[in-house]
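Comments concern the structure below.
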Amino acid sequence: MKKPVNKKSLLAALAVIPLVALLAGCAGTSDGPATGTDGDAIKIGVVGASDPYWAVYTEAAAAEGIEIEIVNFAQYPQGNPALAAGEVDLNQFQHIAYLAEYNEASSENLAPIGATAIYPIALYSSEYSNVDDIVTGDTVAVPDDDSNQARALVLLQSNGLIELTDGGTIYSGLDDIDEEASKVKVTALEASLTLASLPDVAAAVINNDFAEKGGLKFEDAIATDDATDPKALPYANIFVSRDEDKNNETFQKLVEIFQNSQDVQDGVFAVSGDTAVMLTTPVADLEESLAGIQAEIKAAQ
């Protein structure tokens, strides 16, 4: 029987996000651009609004008569509570596994409405140029949110740095590390801080977007996972809406614009250091993956 999944970081995030009145869905009119029902632009929450492709995407949406506003969040845990509270109409910053954890931890029912890309997660070091050079007893940093942490731990295991007692799954946590059989010690940090930790640790697993913003070159990673593996679907990044809005035609059009605009796709690819695997996965497959992960989380409790 699996141990309960640790959700402390997600629950803590819920306590600090202000609540506002819930917004309804969005709809276009024949008189002008589609907007939110409050008359404002459709708000899409992201982590990394400075990425150039968001400006390209905003222009592409405007060309289709849809006015959008990109809302930036500094940290991952802010995005879903803001969507649930109606502060934004959609978000696009997370993968399926992250959403599953949030829904279960918060009793929300946020829904995937379209896929964007899978980004590899990678191990970086300012001290070593090869993973084999890492010394026994060194410390490696990983993200502290459950889904990215599990992915990072599997990456460390596949490169001989740790051993996981559960074999390595999307639910692996620090408690699953067999310390006696592992080469390194592992410390968990908020995902946006793993980059800053590099001077203080032997290596750090850094999410793709934070690595790019910190000026790291993706080819300098000393280890990376395989985003093309069919088993990587839980890490497909997605557009997410409130459940009552998942069939909103304007929202679905926004997904199509993202997936079909070559300029947007080129921008995503460039920002990822040519590592992103672009997706047009059917929504039914995204929903099935989400439901399966949530069911497993419940079973582990």
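In my numbering, the protein residues as written are -14 to 286. Backbone N, C-alpha and C define an ideal beta-carbon position, used for all residues, glycine too. Remember, predicted model here, so these are calculated numbers, not experimental data.
Three-state secondary structure (DSSP) of asparagine 245:
By 1-based counting over the sequence shown, the position of residue 245 is 260. Helix at asparagine 245.
Beta-carbon proximity list for lysine 283, same chain, < 6 Å, skipping 5 on both sides:
Residue 283 sits at position 298 when you count from the first residue of the sequence shown. Once the five neighbours on either side are set aside, lysine 283 has no close Cβ partner at all.
Same chain, Cβ closer than 8 Å to isoleucine 119, five either side skipped, listed in chain order
Your numbering for residue 119 matches position 134 in the sequence shown. So the qualifying residues of the chain are Ser110, Tyr113, Val125, Leu146, Lys168, Val169, Ala187 and Ala188.
Considering only the alpha carbon of each residue, which of Ile98, Thr260, Gly71 and Gln142 lies closest to threonine 213?
The residue given as residue 213 occupies position 228 in the sequence shown. Distance check between threonine 213 and each of Ile98, Thr260, Gly71 and Gln142 places Thr260 closest, using alpha-carbon atoms only.
Counting pairs of beta carbons, one from the segment 97 to 108 and one from the segment 221 to 230, are three or more of them closer than 8 Å?
yes
Measure from the alpha carbon of glutamate 175 to the alpha carbon of each residue in Asp160, Asn192, Gln286 and Ile98, then state which is nearest.
Taking the first residue of the sequence shown as 1, we reach residue 175 at position 190. Considering only alpha carbons, the answer is Asn192.
Could you give the C-beta distance for alanine 67 and phenylalanine 58, rounded to a whole number, given that I count them as a contact under 8 Å?
Here residue 67 is taken as the residue at index 82 of the sequence shown, counted from 1. Here residue 58 is taken as the residue at index 73 of the sequence shown, counted from 1. About 7 Å; that satisfies the 8 Å criterion.
CB of leucine 275 to nearest heavy atom of the ligand GTP: below 8 Å?
This structure simply doesn't include the ligand GTP, nor any ligand for that matter.
For a test of the three-state rule: what should DSSP assign to glycine 99, helix, strand or coil?
As a first step, residue 99 is located in the sequence shown; it is residue number 114 there, counting from the start. In the structure shown, glycine 99 sits in a strand (DSSP, three-state: E or B).
Secondary structure of threonine 43, DSSP reduced to three states
Within the sequence shown, the letter at position 58 stands for residue 43. DSSP places threonine 43 in helix when its eight states are reduced to three.
Sorted by chain position, which residues of the same chain lie with C-beta nearer than 8 Å to aspartate 228's C-beta, five sequence neighbours on each side aside?
What you label residue 228 is simply residue 243 of the sequence shown in a count that begins at 1. Taken in chain order, the residues that qualify are Asn94, Leu95 and Ala96.
Buried or exposed: glycine 152, going by 16 or more other Cβ atoms within 10 Å of its Cβ?
As a position in the sequence shown, residue 152 is number 167, starting the count at 1. It is exposed - the Cβ of glycine 152 has fewer than 16 other Cβ atoms within 10 Å.
Glycine 64: first and last residue of the uninterrupted alpha helix (DSSP H) it sits in
Counting from 1 along the sequence shown, the entry for residue 64 is found at position 79. Run containing glycine 64: 64 to 70, per the alpha helix (DSSP H) assignment.
Glutamate 241 versus Ser92, Pro215, Ala45 and Ile55, residue with shortest Cα-Cα distance
Residue 241 sits at position 256 when you count from the first residue of the sequence shown. Answer by Cα proximity: Ala45.
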